[in-house]
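Protein chains in written order, with my numbering: chain A, 18 to 320; chain B, 112 to 486. For every residue, glycine included, the Cβ atom is placed at its ideal position computed from N, Cα and C. Structure first, then comments.
What follows is the structure in structure tokens.
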């Protein structure tokens, strides 16, 4: 029981962590809550279904690299969406008051939800796992000590780890990554040092959206059902994860996501499944009261 | 073209092509009319009621509006009256939120929780303890006030976005608790058969009566906010909004002020909750989602923060416009989202900005508050 909840929590948590990265990176640089990020995750899940549709039309769906293609397609298209949203809805508001981009983001969020509802229908969409994976893979897994880890769960955690490691390498060891860190510390100074601040912001949205979409693809594979309103709850929780971990901090978002996933899983398993969504908020409030900068946040932050 | 390309996976090639061509034409025509739009803008900036309102005495103006509003129910059928009452409820809600967001500058995203507290208070008091409407009104206000204080005290230390998130969390917790505490709140089914208001044995059940109750509330709240706005307290609130540290240095007790703003806002919402419950004669957690909080916030921001006529206009517009465009069903929300973005880009100060803020925003000699704030 305990181990099983731990595994489930880690699976959900790694999905939250992927989404949380997008929030934390944008917040770290622009200091605003990108409410539309949850919708990017939702787009990612839909894009996975669409990509799968294309692949099976061309008869490529049982190809070994098919899951990778699905993931890449969703990430690239969602990244394009992220960059476009930033260009249209946020860039003109760089110097506006703090509420403006927030309202704008809510507008984008409403727009995207209704866009997907209109074009894809209001009903649940099914992600046909069986088209992508062999039945043996879907049902199989690893069992030990009364607990079962399915291949899909492995796949989710593995993908999340690879993506996060890639991001960490990128941020810490490339020139562009260094530029990103510089902009998040002080945009004005970064500009003086010759960094293309707008370019870096665009890149942040591209990376964040790609990661969010990857989370969407993984969720579509995990649950098999997708709806146009999944972005709201997942986005909210991922945002909480980002705050709990310390907003603006990349490792914090990863930690916060995992923590939140486990708290939910254990809470649902041991306390009450009805109040599953409350645990996230209780953790949030406790963290904000006791350690407002988050677990791995900077004390010198603007709190 | 680019957006059409983005639409392609979701809509198929054919319709995405139409979107792309349409947007391209729109874009080109905008380019073409750009200069003319500038001219129109100039005219617009000259027209709006400023000079006009200046010539007519303010009291006369208000009196005329009031008279028109009093006579309004005569001209409306049941459906329109219903929408008007809904708009009225949202107007008061928006005015209440305006105290805390517009005047005090604290971003609160869980405002609807106070509204829910009021609505459920009346629902439970009236169906189980037979408390009358007018007795429940102050009771709900006090309850919401207590909630407001309960939320306000621990969150006082937080600033800006953190406060927004905590209040958001509070609102969600409230909704989930209402949804799951079956024995007390009826769970997802809600509470039914809530009685209509009674006054001296006279049943005020018809929409017209409700209309006047809501109208009275609008007047009361507008009056209070107007007085507050021009008082020492109101100026202290605005000072706190602009720069908390500086305000404190000038001897403003920010802790007390924040609590005051919180409780005033919460009380307004609590009272409106009672009216809402009486109007619908049914409450369920579904009426109190996060989106409701967002809608009220949008009303405040779209109308013009800290401006009473602006907020009233914003609230009325956001309730009435979707009804007007009901025939377009699905597309209206799509357009609504896009309109929010456009509004923020082209007119961030709102439809009718408050005089004080207008002066701040338009005076080129002053640095904008954000530039000085963030540095």
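- In the structure shown, residue 219(B) adopts coil according to DSSP, grouped into three states.
- Shown here, residue 361(B) sits in coil according to DSSP, grouped into three states, outside any helix or strand.
- The C-beta of residue 24(A) comes no closer than 7 angstroms to any C-beta of chain B.
- Under the DSSP definition of a beta bridge, residue 165(A) partners with 160(A).
- In the pairwise beta carbon analysis, the region 259-271 of chain B is classified as not touching the region 275-294 of chain A: fewer than three pairs are separated by under 8 angstroms.
- Comparing alpha carbon positions, the residue from 19(A), 215(A), 24(A), 53(A) closest to residue 174(A) is 24(A).
- Counting along the chain, residue 117(A) sits inside the alpha helix (DSSP H) bounded by residues 116-137.
- Residue 302(B) is bridged by DSSP to 394(B).
- Between the region 245-252 of chain B and the region 408-420 of chain B there are fewer than three C-beta pairs closer than 8 angstroms, too few to call the two in contact.
- The beta carbon of residue 150(A) does not come within 7 angstroms of any beta carbon belonging to chain B, so the residue lies off that interface.
- Out of 107(A), 19(A), 80(A), the CA that lies nearest to the CA of residue 218(A) is found in 107(A).
- In the structure shown, residue 431(B) adopts helical secondary structure according to DSSP, grouped into three states.
- No Cβ of chain B is located within less than 7 angstroms of the beta carbon of residue 245(A).
- Below 8 angstroms, too few C-beta pairs join the region 72-91 of chain A and the region 270-287 of chain A to call them touching: fewer than three.
- Between residue 255(B) and residue 377(B) a beta carbon distance of about 4 angstroms is seen, short of the 8 angstroms cut, so the two are scored as contacting.
- Against residue 109(A), the close residues of chain B are 456, in the order they occur along the chain (beta-carbon pairs closer than 8 angstroms).
- Around residue 28(A), the same chain offers 170, 173, 174, 239, 278 as residues with beta carbons nearer than 8 angstroms, after the five sequence neighbours per side are excluded.
- DSSP lists 243(A) as the bridge partner or partners of residue 142(A).
- Taking a beta-carbon distance threshold of 7 angstroms, residue 116(A) counts as an interface residue toward chain B.
- Residue nearest to residue 49(A) within the set 36(A), 280(A), 241(A), 121(A) is 121(A) (criterion: CA-CA distance).
- When the Cα atoms are used, residue 460(B) and residue 365(B) turn out to be separated by approximately 25 angstroms.
- For the pair residue 96(A) and residue 61(A), the CB atoms are not nearer than the 7 angstroms cut-off.
- For residue 192(A), the uninterrupted alpha helix (DSSP H) run begins and ends at 192-202, by DSSP.
- With three or more CB-CB distances shorter than 8 angstroms, the region 29-40 of chain A counts as touching the region 257-272 of chain A.
- Residue 307(B) sits in coil when the DSSP states are folded into three classes, being neither helix nor strand.
- For the pair residue 237(B) and residue 306(B), the CB atoms are nearer than the 7 angstroms cut-off.
- For residue 259(B), the closest C-alpha among the options 223(B), 351(B), 293(B), 339(B) is that of 223(B).
- For the pair residue 66(A) and residue 146(A), the CB atoms are not nearer than the 7 angstroms cut-off.
- Secondary structure of residue 409(B) (DSSP, three-state): helix.
- Assignment of residue 241(B) by DSSP, reduced to helix, strand and coil, places it in the coil class.
- Measuring C-alpha to C-alpha distances from residue 33(A) to each of 45(A), 46(A), 166(A), 59(A) identifies 59(A) as the nearest.
- For a Cβ distance threshold of 9 angstroms, residue set 120, 123, 124 of chain A lies close to residue 409(B), ordered along the chain.
- In chain order, 52 place their CB closer than 7 angstroms to the CB of residue 123(A), counting only its own chain and leaving out the 5 sequence neighbours on each side.
- For residue 291(A), there is no enclosing alpha helix (DSSP H), as DSSP gives it neither H nor E.
- Annotation for residue 104(A): no alpha helix (DSSP H) segment contains it, and DSSP assigns it neither H nor E.
- Straight across, the Cα-Cα distance linking residue 303(B) with residue 203(B) is about 24 angstroms.
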